[in-house]
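Inspection log for the structure reproduced underneath, given as structure tokens.
There are 2 protein chains.
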Amino acid sequence: MKIQESGLVFSRLGIKNTRQRAMVFDLLKNTDTLLTAEQIYYVLRSRDENINLSTVYRILELFVSKGIIKKLNIPNENVSAFEMNRPEHRHHLICMKCKKVIPIGECPFKSLEKSLRETTEFDITGHNLEVFGYCPECKHKSQMQ
Amino acid sequence: MKIQESGLVFSRLGIKNTRQRAMVFDLLKNTDTLLTAEQIYYVLRSRDENINLSTVYRILELFVSKGIIKKLNIPNENVSAFEMNRPEHRHHLICMKCKKVIPIGECPFKSLEKSLRETTEFDITGHNLEVFGYCPECKHKSQMQ
DNA sequence: GTGAATGCAAAGAGTTTGCAAGGTT
DNA sequence: AACCTTGCAAACTCTTTGCATTCAC
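Chains X and P, in that order, are what the protein sequence lines are.
Taking my numbering, the leading residue of the first sequence gets 3, the next gets one more, and so forth.
Taking my numbering, the leading residue of the second sequence gets 3, the next gets one more, and so forth.
Structural data, given as structure tokens:
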């Protein structure tokens, strides 16, 4: 059995290493789409893992607060979706159908933020940029329907 | 009484001009912050206007589908917020405390979208860019707390 | 007058919380 | 052993829906 990365991350952050936390961590780590709390719950259940939906919510909230993952809102859907918080600041191209996520290169906003800070005197804490569309696969499927 | 812009907009779109629709339209038209369905409901109630929350939701859904307004998600809050869909394509700087919205100039994405379309073969339908922070007023208030 | 919009009440999602039982350090 | 985390069930918030009544055209 390979050494669990999750255990290292948790102890570094001073949080307990529980089976459920490791499961959620590993799933998000190895997934390249956005996942909702419910999806995480069902994926783990389908693997015969034992976990409760409210535990998933509590773990996700904890991970967000520790900066392990990020919480996004999908436009026109009232659910939150989650993904690993990779260290580089990045933006994504998200397929509205399958929720696949493609990272898009550099952030073009460093300079925009700076000039906004100067002109508006806002204390700018961050920005969201998400580009939406249909990936090549889903694009074809939706044309056929 | 001045001529109602809402009436013109509605008839141009082929939808009925009801008192409730005009109220919601005028409120959003004259508001420079994002408003949630519930806020719209309470503002109108506080003006002694008679309207029902589910009617507000139905009207907002209709307006979104007709392109009259836009629906946004505020990060880390599971509510939708709405604003007029001004004809120019624009992005906003949003105060996380008072929800004030400041438009920010040109959209720097025309060209990014084009190149993404080419490199990823996505059918790109649009993008969200929202910059968050605290406006000068709220910035000072939160320092004091 | 007719079909569409509204109000009301109830249901439905998604998410959060209280508490007892179990697990981690 | 002490405290934190989990499971379960119930509550809560936001949003949607069914149906009878009312309204716009």
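Note that the Cβ used here is the ideal one computed from N, Cα and C, for glycine as well.
Since we're looking at a predicted model, the values are computed, not measured.
> Taking only beta-carbon atoms, is P/E7 less than 8 Å away from chain X?
Replying inline: Mapped onto the second sequence, residue 7 of chain P falls at position 5. By this cut-off, P/E7 is not an interface position.
> With a cut-off of 8 Å, does the C-beta of X/D125 fall near any C-beta of chain P?
Replying inline: Taking the first sequence and counting its residues from 1, one reaches residue 125 of chain X at position 123. Output row for X/D125: interface = yes.
> What is the DSSP secondary structure of P/L37, counted as helix, strand or coil?
Replying inline: For this step, residue 37 of chain P is matched to residue 35 along the second sequence. It is a strand residue.
>> For a cutoff of 8 Å on Cβ pairs, would you count P/S67 as touching chain X?
In response: The count along the second sequence starts at 1 and reaches residue 67 of chain P at position 65. Output row for P/S67: interface = no.
> Between X/K73 and chain P, is there a C-beta pair that is closer than 8 Å?
Replying inline: Walking along the first sequence from the start, residue 73 of chain X turns up at place 71. It does; some Cβ of chain P falls within 8 Å.
>> Does the CB of P/Y136 have a neighbour CB from chain X at under 8 Å?
In response: If you number the second sequence from 1, residue 136 of chain P lands on position 134. Closer than 8 Å to some Cβ of chain X, the Cβ of P/Y136 qualifies, so yes.
> So what does DSSP say about X/V103, is it helix, strand or coil?
Replying inline: Indexing the first sequence from 1 puts residue 103 of chain X at position 101. It is a strand residue.
>> Using a Cβ-Cβ cutoff of 7 Å, what residues of the region 46 to 65 of chain X are near chain P? List them in chain order.
In response: none
>> Can you find the residues in the same chain that come closer than 6 Å, C-beta to C-beta, to P/I76, ignoring five residues on each side of it along the sequence?
In response: Residue 76 of chain P sits at position 74 when you count from the first residue of the second sequence. So the qualifying residues of the chain are A83.
> In chain P, which residues lie with their C-beta within 9 Å of the C-beta of X/N20?
Replying inline: For the purposes of this step, residue 20 of chain X is taken as the residue at position 18 of the first sequence. In the sequence as presented, Asn is not what sits at residue 20 of chain X; that position holds Thr. Within chain P, no residue comes near X/T20; the closest Cβ sits about 24 Å away, beyond 9 Å.
>> Please state the DSSP three-state secondary structure of X/K18.
In response: Reading the first sequence from its first residue, position 16 is the one you call residue 18 of chain X. Coil.
> Does X/N87 come within less than 8 Å of chain P when only Cβ atoms are used?
Replying inline: As a position in the first sequence, residue 87 of chain X is number 85, starting the count at 1. For X/N87, the answer is no, since every Cβ of chain P falls outside 8 Å of its Cβ.
> For the ligand SAH, is there a heavy atom less than 7 Å away from the beta-carbon of P/R60?
Replying inline: Absent from the structure shown: the ligand SAH. Ligands present: none.
>> DSSP three-state label for P/E85, please.
In response: As a first step, residue 85 of chain P must be located in the second sequence, where it is residue number 83. Three-state DSSP puts P/E85 in a strand.
> Just curious, the beta strand (DSSP E) that P/I70 is in, first and last residue?
Replying inline: Working through the second sequence from its first residue, we reach residue 70 of chain P at position 68. First-last for P/I70: undefined, no H or E at that position.
>> I need the straight-line Cα distance from P/N54 to P/T121, nearest angstrom please.
In response: Position 52 of the second sequence, counting from 1, holds the residue named residue 54 of chain P. Position 119 of the second sequence, counting from 1, holds the residue named residue 121 of chain P. Straight-line Cα distance between these residues: approximately 48 Å.
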